[in-house]
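Participant: So that we are looking at the same thing, I have put the structure below in structure tokens.
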Amino acid sequence: MSSFTPINAQPRESYWSVVMGSSEERCKHCDMAYSLGCRCDDEMKLKKEEEAAEKAEIEAIKAGTEAIIKERKAVRKKRKAIVKENEAMAKKKATVKEETEAAAQSDHEAPARAAPKRPVVQERASVKKANAKRVGSSSKVNNSMPCSRCNGKEYNKSNIRDHNKVHFLEDEGVQAVFPCKCCKTTSKCIVARYPERIETYACQSCLRSHKQCSFNGLKATRYEPCKPGEHPALLRRI
14 MSSFTPINAQ PRESYWSVVM GSSEERCKHC DMAYSLGCRC DDEMKLKKEE EAAEKAEIEA
74 IKAGTEAIIK ERKAVRKKRK AIVKENEAMA KKKATVKEET EAAAQSDHEA PARAAPKRPV
134 VQERASVKKA NAKRVGSSSK VNNSMPCSRC NGKEYNKSNI RDHNKVHFLE DEGVQAVFPC
194 KCCKTTSKCI VARYPERIET YACQSCLRSH KQCSFNGLKA TRYEPCKPGE HPALLRRI
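For the sequence shown, my numbering begins at 14 and goes up steadily by one.
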């Protein structure tokens, strides 16, 4: 056998060296795999940290949003309660105002009533005969009129109107707060609560004695009608 070896001849490699590769290549691949493995672990760790941070941030935002929503709901409830309270107060004030106005109106305004009718006089037969005799015996006209409340007592026609007013004040008159100039005490000074009904401001004592009552000075003229409402002597000094 010849021992000649060509110049370009290379040493033979074993089967396992061909399959597994050289030791240098194996070291290179191992180093690369290790470096790649470390890099992947770091990236996964960073990714997990970022996801955890994002999740915490989202939860914080949700918690803050829920707190804001709860606060807004509480503010709305408070506003509704305040509005309801204001409405209740307004209704209460309106009711009190209406009641006060109604009470004031009922106190200071007289209800619409018909004017008092004059008493119906039923003349007796004897009175008629006496009047007939007087008319027949003299040419003078009889100016007297009987009062049904005074048992047929006759009064002059010019005074019968004041006489009927005296009877009205006896029934419905009230004591004045301050007496007129003719009356010394308020116990004798009885006036009508609403002078418009009997068409005079005068008191009972002055009407009975045919005196000029100082309360009539409230009229500008004698024939001026009385003003509606309560008698001024019941409210203040004249």
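No residue lacks a Cβ here, since even glycine has one placed at the ideal position from N, Cα and C.
Small disclaimer: the values here were computed from a predicted structure and weren't measured.
(1) Does the region 157-167 come close enough to the region 198-210 that 3 or more CB-CB pairs lie under 8 Å?
(2) Measure from the alpha carbon of Lys194 to the alpha carbon of each residue in Cys219, Asp184, Lys178 and Val109, then state which is nearest.
(3) Please name the residue in Lys86, Pro241 and Ala115 whose C-alpha comes closest to that of Tyr214.
(4) For the alpha helix (DSSP H) holding Cys160, just list the boundary residues, first then last.
(5) What alpha helix (DSSP H) runs, 4 residues minimum, are completely inside the region 194-222?
(6) Between Asn156 and Lys170, how many whole angstroms is the CB-CB distance? I'm expecting something under 8 Å.
(7) For Phe191 and Ile211, which I take to be in contact (beta-carbon distance under 8 Å), what is that distance rounded to the nearest angstrom?
(8) Nearest-angstrom Cα distance between Pro124 and Glu100?
(9) To which residues of the same chain is Arg221 closer than 6 Å at the C-beta, ignoring the five residues directly before and after it?
(10) Just verifying my parser: in three-state terms, what is the DSSP assignment at Val133?
(11) Ordered along the chain, which non-local residues of its own chain (more than five positions away) have a Cβ less than 6 Å from that of Val187?
(12) According to DSSP, simplified to helix, strand and coil, what is Gly242?
Facilitator: Let's see:
(1) For the pair of segments examined, the region 198-210 was found not to touch the region 157-167: the number of CB pairs separated by less than 8 Å stays below three.
(2) Minimum Cα-Cα distance from Lys194 among the listed residues Cys219, Asp184, Lys178 and Val109 corresponds to Cys219.
(3) Ranking Lys86, Pro241 and Ala115 by Cα distance to Tyr214 puts Pro241 first.
(4) Cys160: not part of any alpha helix (DSSP H); member of the beta strand (DSSP E) spanning Ser157 to Cys160, first to last residue.
(5) Listed in chain order, the complete alpha helix (DSSP H) runs (minimum 4 residues) inside the region 194-222 are 217-221.
(6) Contact flag correct, Cβ pair sits at about 5 Å.
(7) 20 Å between Cβ atoms; not a contact.
(8) Any reading at Pro124 must be qualified, since the residue scores a pLDDT of 49, below 50, and its modelled position is unreliable; the value itself is stated next. Answer to the nearest angstrom: the Cα atoms are 35 Å apart.
(9) Counting only Cβ-Cβ distances below 6 Å, and skipping sequence neighbours, we find Val179.
(10) Low confidence applies to Val133: its pLDDT is 48, below 50, so where it sits in the model is not reliable, and the reading given next is rough at best. It is coil, neither helix nor strand.
(11) Exclusion of the five residues before and after Val187 leaves Arg206 as the residues of its chain whose Cβ lies within less than 6 Å of its Cβ.
(12) Of the three classes helix, strand and coil, the one that applies to Gly242 here is coil, per DSSP.
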